[in-house]
Amino acid sequence: MARKIVEGKIVTNAEAQEILGKIKEEELGEFQRRTLDYARKFSKISPDKAEKLVEDLSSKLQLDRNDAIQIVNSLPKTIEELRAVLTVKGRFVSTDQLNGILEIMKRYV
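Written as structure tokens, this is what we have:
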């Protein structure tokens with residue numbers, strides 16, 4: 076049976092784990108099983124907290140949702156780690172903004 080994409084949405088590792096975890100393991104394809112295994116190994120925060128943190132980072136600091144998701148997936152602990160995540164696109168992020176991100180993250184971790 077062909078499947079149809081109803082909605083496309085980028086989610087955090089924790090949310091992917093929750094979504095895939097609701098499906099019986101034997102119903103998952105190879106790609107979904109590997110994705111679930113990865114999400115189980117590397118999710119560092121609950122799905123609820125992950126989504127709230129993405130929303131906070133996006134709204135309070137005007138971060139792009141995709142950038143906020145990358146931050147939540149990696150949960151950097153230092154400014155240097157955070158800068159490495161955000162400078163991939165070649166843009167400058169101020170130290171004040173990086174400190175703001177870390178402060179918001181501390182409330183969730």
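In terms of our numbering, the sequence shown has 164 at position 89, counting the first letter as 1, and numbering is strictly consecutive. For each residue, glycine too, the CB sits at the ideal point set by N, CA and C. Bear in mind the structure is a predicted one, so any value in this text is a computation, not a measurement.
Around the Cβ of residue i, are there at least 16 other Cβ atoms within 10 angstroms (buried) or fewer (exposed)?
i: Ala143; result: buried
i: Thr87; result: buried
i: Ile85; result: exposed
i: Val81; result: exposed
i: Ala114; result: buried
i: Ile146; result: buried
i: Ile176; result: buried
Counting only C-beta atoms, is residue i closer than 7 Å to chain C at any point?
i: Leu157; result: In the displayed structure, chain C is absent; only one protein chain is listed.
Whole angstroms are fine: how far does the CA of residue j sit from the CA of residue i?
i: Glu100; j: Arg140; result: 30 Å
i: Leu173; j: Arg109; result: 33 Å
i: Tyr183; j: Glu105; result: 32 Å
i: Ser169; j: Glu93; result: 34 Å
Give a yes or no on whether the C-beta atoms belonging to residue i and residue j are separated by under 7 Å.
i: Ala75; j: Glu90; result: Nothing about residue 75 can be read from this structure; the chain reaches only from 76 to 184.
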